[in-house]
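The structure under discussion appears below in the form of structure tokens.
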Amino acid sequence: MSNRSFAIGDIHGCARTLRQLLKVLGLAKTDTLYLLGDYIDRGPDSRGVIETILRMQEEGFDIRPICGNHEEMLLLAIRSGVFELIEWLEQGGGATLKSYGVSQPQEIPRPHLDFMENLPLFRETDRFVFVHAGLDFTIEDPFSEAGRAAMLWERSGKVVPARIGGRKMVSGHCTQTLDEIRAGLKSSHLRIDNGCVYPGLPGKGNLVALHLETGALIVQENIG
């Protein structure tokens, strides 16, 4: 089997769904998997998501995660003050604490916090740029620290291919229906967050993997 590469969007604590999707993919150690951030919050098992990623990395799978805005919010809740903690809790942080059986984010196991603290904001190949949300093309270097907020929070969907070497950008963050995701595969911005954690919304509620060589979508319905 030739080497394959995939990208998966926002998981948001849906550990069972992630594990089932990985089973469907039949991921091999010669494959590469890009994870686009937002592993935690809202869903039932954020701890299970992080444990799955760490275990697969330890077993030698080529898993390449990046940071999402929810990981950023958790870390800010630890580093900053009450306002940041309240903001994170309002955005689904309580579900993360529950999955760990703790009452404060500081009590999350150190290896899991280290994992989140060391996540890069983007990754690149010769064909793709992977980022959680988007890029700020109004600044000289969209990949610099000045572009941090856009990489985590941008919603415009704007891409200037010439600024990223004619490559396509692959992101999560903004939920898309399956039809919108499929239509977007023809564009320079591939947005693959189907809102896994929102199974009741029309056209949404699935965890989606994009086969980067073929453009195929592998869709796994939310099972928790």
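If you count the sequence shown from 1, position 108 lands on 90 in the working numbering, and the numbers rise without skipping. The beta-carbon is built from N, C-alpha and C at its ideal position, and this holds for glycine as well. Quick caveat, the model's predicted, so the values are computed rather than measured.
Burial state of residue i (16 or more Cβ within 10 Å)
i, result
"Phe112", "buried"
"Thr(-1)", "buried"
"Asn51", "buried"
"Asp108", "exposed"
"Ala77", "buried"
"Asn204", "buried"
"Pro47", "buried"
Residue j beta carbon less than 8 Å from that of residue i
i, j, result
"Lys150", "Ser126", "no"
"Gly154", "Gly19", "yes"
"Asp23", "Gly74", "yes"
"Asp175", "Thr196", "no"
"Lys140", "Phe110", "no"
"Gly182", "Thr159", "no"
"Cys(-4)", "Val179", "yes"
"Trp135", "Ala115", "yes"
For residue i, the first and last residue of its enclosing alpha helix (DSSP H)
i, result
"Leu183", "That residue, Leu183, is in no alpha helix (DSSP H); it is neither H nor E in DSSP."
"Glu99", "92 to 99"
"Arg29", "28 to 40"
"Ala132", "130 to 135"
Nonlocal neighbours in the same chain, by C-beta distance under 8 Å from residue i, ignoring five residues either side
i, result
"Phe(-12)", "Leu7, Leu9, Asp13, Thr14, Leu15, Tyr16, Ala191, Leu192, His193, Leu194, Ile200"
"Asp123", "Gly129"
"Asn(-15)", "Thr12, Asp13, Thr14"
The beta strand (DSSP E) enclosing residue i, as first and last residue numbers
i, result
"Val64", "Note, Val64: premise wrong, no beta strand (DSSP E); alpha helix (DSSP H) at 64 to 70."
"Tyr16", "14 to 17"
"Ile45", "44 to 47"
"Val201", "199 to 203"
"Lys80", "That residue, Lys80, is in no beta strand (DSSP E); its alpha helix (DSSP H) goes 76 to 82."
"Ala171", "One point to set straight first is that residue 171 is His, not Ala, in the sequence displayed. Segment 171 to 173, the beta strand (DSSP E) holding His171."
8 Å contact criterion, which residue i and residue j should meet: CB distance rounded
i, j, result
"Glu53", "Tyr21", "7 Å"
"Ile(-7)", "Leu189", "7 Å"
"Ile(-10)", "Phe97", "Their Cβ separation, rounded to whole angstroms, is 16 Å, which puts Ile(-10) and Phe97 out of contact at 8 Å."
"Glu66", "Leu58", "4 Å"
Chain-order list of residues whose beta-carbon lies under 6 Å from that of residue i (same chain, five-residue window excluded)
i, result
"Ile90", "Tyr82"
"Cys49", "Gly19, Leu101, Leu103"
"Arg29", "Ser81, Tyr82"
Contacting residues, own chain, Cβ-Cβ under 7 Å from residue i (five flanking each side not counted)
i, result
"Leu95", "none"
"Ile45", "Leu15, Leu17, Ile35, Met38, Gln39"
"Gln88", "Ile60"
"Glu69", "Met55"
"Val84", "Ile90"
"Gln202", "Thr(-1), Gln2, Leu3, Val6, Asn188, Leu189"
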